[in-house]
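Read top to bottom, the protein sequences are chains A and B.
Using our numbering, you'd call the opening residue of the first sequence number 4 and step up by one each time.
Using our numbering, you'd call the opening residue of the second sequence number 240 and step up by one each time.
The C-beta atom is built at its ideal place from N, Cα and C for all residues, glycine as well.
Computed from a prediction, not measured in an experiment: that's the story for all the values here.
Data block below; observations after.
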Amino acid sequence: DAGVIQSPRHEVTEMGQEVTLRCKPISGHNSLFWYRQTMMRGLELLIYFNNNVPIDDSGMPEDRFSAKMPNASFSTLKIQPSEPRDSAVYFCASSSANSNQPQHFGDGTRLSIL
Amino acid sequence: GIQVEQSPPDLILQEGANSTLRCNFSDSVNNLQWFHQNPWGQLINLFYIPSGTKQNGRLSATTVATERYSLLYISSSQTTDSGVYFCAALNSGGYQKVTFGTGTKLQVIP
């Protein structure tokens with residue numbers, strides 16, 4: 004079975020540019036999560052979708068960050084404009100909404116803002 | 240929100256040694272997951288364990304939900320076990336809000 008697929012794997016861009024990260028969840032999963040991992044703050048939940056609807060975006064750092072899930076098989080996390088402090092590894096995870104199901108993570112996108 | 244603490248923060252083992260990693264959580268949880276983040280950064284599911292004990296090869300995990308802790312046992316460690324081990328607690332709220340611990344960084348030396 005295909006796992007959670009994220010793209011790109013690596014992104015290097017200059018500050019001020021728009022960055023779009025993509026995620027394809029596991030087929031049949033109806034919950035999707037975006038996380039950010041940094042040395043200073045560890046793994047943080049940014050936003051959670053259930054059935055394509057954002058349920059909790061309290062972890063989104065500021066208005067420069069936005070996330071969408073237009074359908075059950077695709078989600079994007081956008082940063083505009085990007086800043087050097089946004090450099091991190093961004094993970095997407097998916098699961099079934101049943102709380103007895105584990106989350107499965109993609110391989111992450113390593114983002115560097117110069 | 241829920242607090243998740245892991246110990247020890249760092250661990251160096253000789254290949255073949257056994258170890259126990261601990262995860263404490265501050266409130267009741269629906270479930271608990273253990274992950275291994277390998278040197279390439281991938282987060283690999285190890286266990287999904289609300290209570291009791293599970294075993295998978297050289298690894299096993301025990302969660303005592305009433306006492307708010309979970310343990311991960313690694314036996315006969317190998318260099319491929321190196322990496323960071325995270326526990327993640329799923330809260331008892333209406334959805335799967337996951338809080339990660341700060342991790343245990345394990346280095347297994349030959």
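Cα atoms of R25(A) and S78(A): separation of roughly 6 Å, rounded to the nearest angstrom. With its beta carbon at least 8 Å from every one in chain B, L80(A) lies outside the interface. When secondary structure is reduced to three states using DSSP, A5(A) falls in the coil class, being assigned neither helix nor strand.
In this model, R39(A) and F325(B) are separated by some 15 Å (Cα to Cα). Ranked by Cα distance from Q272(B), the first of Y308(B), N257(B) and R297(B) is Y308(B). Annotation: the segment 291-332 of chain B contains the following complete segments of the beta strand (DSSP E) (minimum length 3 residues), in chain order: 291-295, 298-303, 308-313 and 322-330. The beta carbons of P105(A) and Y312(B) sit no closer together than 8 Å. Measuring C-alpha to C-alpha distances from N257(B) to each of S299(B), P248(B) and V337(B) identifies S299(B) as the nearest.
Of all C-beta pairs linking the segment 278-298 of chain B to the segment 240-247 of chain B, fewer than three are shorter than 8 Å, placing the two stretches out of contact. R261(B) sits in a strand when the DSSP states are folded into three classes. The DSSP-derived three-state label of P11(A) is coil.
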